[in-house]
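Trainee: First the structure, which I've put down as structure tokens, then a few questions once you've had a look.
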Amino acid sequence: MIKPPLAMWSREIVSGDTLDGLLAEAGLTGPARADTSLAISAEYDLRRLRPGHILTVEMSANGSPRRVALDVDEGVRIEATFDDTLSARVVSPEPEIVVLAGTTSIESSIFTALEDSRIPPRFAVDLAQMLGGTVDFRRDLGGGETLRLLWREARIEGDTIGQPKIAFASLDLGDALYEVVWPEDATGRATMYLNGEVVRVFAEPVKGARLSSVFGRRKHPIYGNVRMHTGVDFAAPRGTSVRATAPGRIAFIGRRGGYGRVVEIAHGTETMTRYAHLSAVPDSLAEGQRIAAGDTIGGVGATGTATGPNLHYEVRVDGRPTDPLSDERLSEAVEGEAQGNAGLDRLAEARARFNDALSSDAAPSTPESL
């Protein structure tokens with residue numbers, strides 16, 4: 001027996017549209033519209049509907065709905081299916097991970113060099129975070145320095161989704177070659193090399209976050225006066241995981257005035273790291289507990305004196321604040337495992353991946369996919 005063809009209705013959402021109005025336009029009855037809206041809203045916040053989303057309705061020969069699909073951002077689809085019972089699900093396509101490589105010459109600034117070479121300019125923040133305490137970008141960059149990068153992008157049907165993730169960077173200053181290898185795992189721990197030797201390990205407290213304020217004197221964003229900023233700030237959505245940057249012992253969990261909710265970790269007798277403005281701290285975390293680099297110790301928040309969700313990350317040595325991006329004492333706590341063959345092997349692998357990407361037929365000299 002040949003099944004009768006389904007009637008298909010589809011339209012792109014424009015400003016002013018509502019889901020109920022679109023379903024009515026597609027021919028659904030009042031009860032069917034109510035049931036469909038309820039099913040889809042259980043999987044997707046309808047307040048997030050925006051122009052460019054697409055609604056598709058399949059109708060059976062007798063005029064009853066068979067399937068309603070809402071295509072939203074980054075290839076995600078919410079489907080409501082009318083079988084024996086009405087059910088809804090979220091269909092998320094598996095993205096293709098594309099490896100890209102690029103090389104550029106710095107003439108004015110790293111940001112401009114990246115932008116001119118079609119390399120994501122946001123990587124300038126990653127480079128500042130890793131190299132800013134070691135390389136003086138104003139004094140050491142005189143023009144003509146070579147910068148090489150390897151990164152990954154997630155794509156669905158050719159469209160990039162999310163943010164690109166840097167994997168390797170090489171900055172050649174002529175008399176010094178700085179290289180940074182970022183890990184593929186969730187630790188966020190990056191290793192910096194100078195002329196092929198490990199010089200620093202930095203475990204990011206918030207993986208992939210934007211460095212929004214650096215260490216030093218600044219105009220306070222709330223009080224308006226100039227005062228010392230005793231740490232660095234990382235802007236990220238509320239609840240984003242905050243990780244310990246080095247192994248140590250939990251010294252304090254609680255609130256400290258403008259810092260809001262705080263976790264402090266002691267690294268030996270001299271060095272302490274402070275993670276402030278946290279939205280929450282895991283129930284399993286307790287003072288005196290041993291912690292490893294990369295362990296989750298809280299979530300990004302806006303507690304205390306904060307203009308929005310961010311992590312205030314602070315390093316204190318003998319009670320005095322020091323620049324987290326330049327102080328070397330904390331690095332010593334995690335460098336041991338990066339030294340020796342393991343650290344050098346990671347560097348060799350990163351160099352090989354970069355060279356393979358850049359020399360492939362698909363990427364002769366500019367960023368292209370492998």
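Take 1 as the starting number for the sequence shown in full-length UniProt numbering and just add one per residue.
Glycine included, each C-beta is placed from N, C-alpha and C at the ideal position.
Might you give, ordered along the chain, the residues of its own chain that have their beta carbon closer than 6 Å to the beta carbon of Glu337, omitting 5 neighbours on each side?
Mentor: Residue 337 sits at position 337 when you count from the first residue of the sequence shown. Note that Glu337 scores 47 on pLDDT, short of 50, meaning its location in the model is unreliable; the coordinates nonetheless yield the value given after this. Closer than 6 Å at Cβ, skipping near neighbours: no residue.
Trainee: Kindly indicate which residue of Ala32, Glu43, Asp35, Ser10 has the alpha-carbon position closest to the one of Ile52.
Mentor: Working through the sequence shown from its first residue, we reach residue 52 at position 52. The question names Ile, but residue 52 is Gly in the sequence shown. Of Ala32, Glu43, Asp35, Ser10, the residue nearest in Cα terms is Ser10.
Trainee: Going by beta carbon distance, what residues of the same chain come within less than 6 Å of Gly75, once the five residues before and after it are set aside?
Mentor: Residue numbering aside, residue 75 sits at position 75 when the sequence shown is read from its first letter. Hits under 6 Å: Pro93, Ile156.
Trainee: Taking the CB atoms as reference points, tell me whether Ile297 and Ala244 lie closer together than 8 Å.
Mentor: Along the sequence shown, read from residue 1 onward, the residue named residue 297 stands at position 297. Along the sequence shown, read from residue 1 onward, the residue named residue 244 stands at position 244. Contact: yes.
Trainee: What whole-angstrom Cβ distance do Val263 and Arg255 have, given they're in contact under 8 Å?
Mentor: Position 263 of the sequence shown holds residue 263. Position 255 of the sequence shown holds residue 255. Actually they are not in contact, since the Cβ atoms of Val263 and Arg255 sit about 11 Å apart, beyond 8 Å.
Trainee: Pro31 by DSSP, collapsed to three states: which one?
Mentor: Counting from one through the sequence shown, the residue named residue 31 turns up at place 31. Pro31 falls in the helix class under three-state DSSP.
Trainee: Identify, in the order they occur along the chain, each residue of the same chain with its Cβ nearer than 7 Å to the Cβ of Ala124, setting aside the five sequence neighbours on each side.
Mentor: Within the sequence shown, the letter at position 124 stands for residue 124. Ile110, Phe111, Leu114.
Trainee: From the DSSP secondary-structure annotation, give me the bridge partner or partners of Asn310.
Mentor: What you label residue 310 is simply residue 310 of the sequence shown in a count that begins at 1. In the DSSP output, where bridge partners are listed per residue, Asn310 has Ala235, Gly301.
Trainee: What is the DSSP secondary structure of Glu337, reduced to helix, strand or coil?
Mentor: Position 337 of the sequence shown, counting from 1, holds the residue named residue 337. No answer about Glu337 holds up, because its pLDDT of 47 lies below 50 and its placement is not dependable.
Trainee: Which residue marks the beginning of the beta strand (DSSP E) containing Phe82, and which one marks its end?
Mentor: One-based indexing of the sequence shown puts residue 82 at position 82. Element bounds for Phe82: 77-82.
Trainee: Spatial neighbours of Glu270 within its chain, please: CB distance less than 6 Å, with the 5 preceding and 5 following residues excluded, ordered by chain position.
Mentor: If you number the sequence shown from 1, residue 270 lands on position 270. Closer than 6 Å at the Cβ level, and outside the excluded window around Glu270, lie Val317, Asp318.
Trainee: Quick check: the region 163-170 against the region 146-153, are there 3 or more CB pairs under 8 Å?
Mentor: yes
Trainee: Pick from Ser37, Thr134, Arg200: whose alpha carbon is nearest that of Val68?
Mentor: The residue given as residue 68 occupies position 68 in the sequence shown. Of Ser37, Thr134, Arg200, the residue nearest in Cα terms is Ser37.
Trainee: Could you give the uninterrupted runs of the beta strand (DSSP E) lying entirely in the region 129-193, keeping only those of 3 residues or more?
Mentor: 145-156, 159-172, 177-181
Trainee: Quick check on the burial criterion: 16 or more other C-beta atoms within 10 angstroms. Buried or exposed for Asp45?
Mentor: Indexing the sequence shown from 1 puts residue 45 at position 45. Counting Cβ neighbours within 10 Å, Asp45 comes out exposed, since fewer than 16 surround it.
Trainee: Expressed to the nearest angstrom, what Euclidean distance is found between the alpha-carbon atoms of Arg66 and Val14?
Mentor: As a working note, residue 66 is residue 66 in the sequence shown. As a working note, residue 14 is residue 14 in the sequence shown. Taking the straight line joining both Cα atoms gives about 24 Å.
Trainee: Counting Cβ pairs closer than 8 Å, one from the region 233-244 and one from the region 305-315, do we hit at least three?
Mentor: yes
Trainee: Measure the beta-carbon distance from Gly299 to Ser241 and round it to whole angstroms, keeping in mind my assumption that it falls under 8 Å.
Mentor: Sequence index remark: in the sequence shown, residue 299 carries index 299 (1-based). Sequence index remark: in the sequence shown, residue 241 carries index 241 (1-based). Their Cβ separation, rounded to whole angstroms, is 6 Å, which keeps Gly299 and Ser241 in contact under 8 Å.
Trainee: Considering only DSSP beta bridges, list what Glu264 is partnered with.
Mentor: Taking the sequence shown and counting its residues from 1, one reaches residue 264 at position 264. DSSP, once it has assigned bridges, lists Phe252, Arg274 as partnering Glu264.
Trainee: With a threshold of 8 Å between beta carbons, is Gly75 in contact with chain C?
Mentor: Looking at the structure shown, chain C is missing, and only one protein chain is on hand.
Trainee: State the beta-bridge partners of Arg200 as determined by DSSP.
Mentor: Along the sequence shown, one-based indexing puts residue 200 at 200. DSSP lists Met192 as partners of Arg200.
Trainee: Whose C-alpha, out of Arg210, Glu314, Leu141, Gln163, is nearest the C-alpha of Leu177?
Mentor: The sequence position of residue 177 within the sequence shown is 177, counting from 1. It is Leu141.
Trainee: Going by alpha carbons, who is nearest to Ile40 out of Arg77, Glu349, Met272, Glu12?
Mentor: As a first step, residue 40 must be located in the sequence shown, where it is residue number 40. The option with the nearest alpha carbon to Ile40 is Arg77.
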